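What the sequence shown shows, in the UniProt record's numbering, is residues 1 to 172, in sequence order.
Every residue, glycine too, gets a C-beta built ideally from N, C-alpha and C.
These numbers were taken from a predicted model, which means no experiment stands behind them.
Please read the structure below before turning to the comments.
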Amino acid sequence: MASAPDEIDDDAIDIHKRDEVQALFRRRRAMDDAEMDITPMIDITFLLLIFFLVAAKIESTTGVDLPEAKYGVPVAAKDSVIVTVASAPDGSAVVYLGDAIDPQYRVNSGDPADQRRALAEYVDKELNGSTAKHHVLIKADGALKHREVAKVLATIGGAVELEILHVAVLEK
């Protein structure tokens, strides 16, 4: 049967509309692909920034000024029990247990017996503990008088039986 001239072919319109819609989607995709979304890169940058701020070790403690060495043999600090001796404003020695001047590790005793006991416990624990260190290294401030360092040396030497005590100096 022949179709009437005023009838419209639905299949032809649907194909034409479908082609237009597909062309419209192709244009949108082309525009979307041309633009780059930098939001993920900004997120990663902020995450890296936060990571490095949190992971960075900010050292607030300062070491002592060591005198320069003329002779000597190097001793590894990682294999040593370190006792730091800094100078107080009045010229006396202030003893710290460890490698830094940190108030929480300060030996706060004016009594030589208490100071000897605190130093003996610390050195004995470090020498015989799980880390098994082999040396005792005293880092003394270069501004200290020898008698102040000698008092600390005698205190450690009298408290713990050792063959050699090392005193740290700067290497030239």
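- Beta-bridge pairing by DSSP links alanine 55 to no other residue.
- In this chain, the alpha helix (DSSP H) harbouring valine 123 covers 112 to 128.
- In this structure, the CA atom of valine 160 is about 42 Å from the CA atom of leucine 53.
- The straight-line gap separating the alpha-carbon atoms of threonine 155 and aspartate 43 is approximately 56 Å.
- Relative to glutamate 148, the option among Lys125, Asp124, Asp99, Ser87 whose CA is nearest is Ser87.
- Checking the DSSP bridge columns, you'll see lysine 139 partnered with Thr84, Ala168.
- Approximately 6 Å separates the beta-carbon atoms of lysine 133 and serine 80; this is inside 8 Å, confirming the contact.
- Straight across, the Cα-Cα distance linking valine 75 with threonine 45 is about 42 Å.
- Under DSSP, leucine 97 forms a beta bridge with Val83.
- A straight line joining the alpha-carbon of serine 130 with that of aspartate 124 spans about 12 Å.
- Annotated three-state conformation of glutamate 68 is strand, per DSSP.
- Between lysine 139 and valine 73, the C-beta spacing is not below 7 Å.
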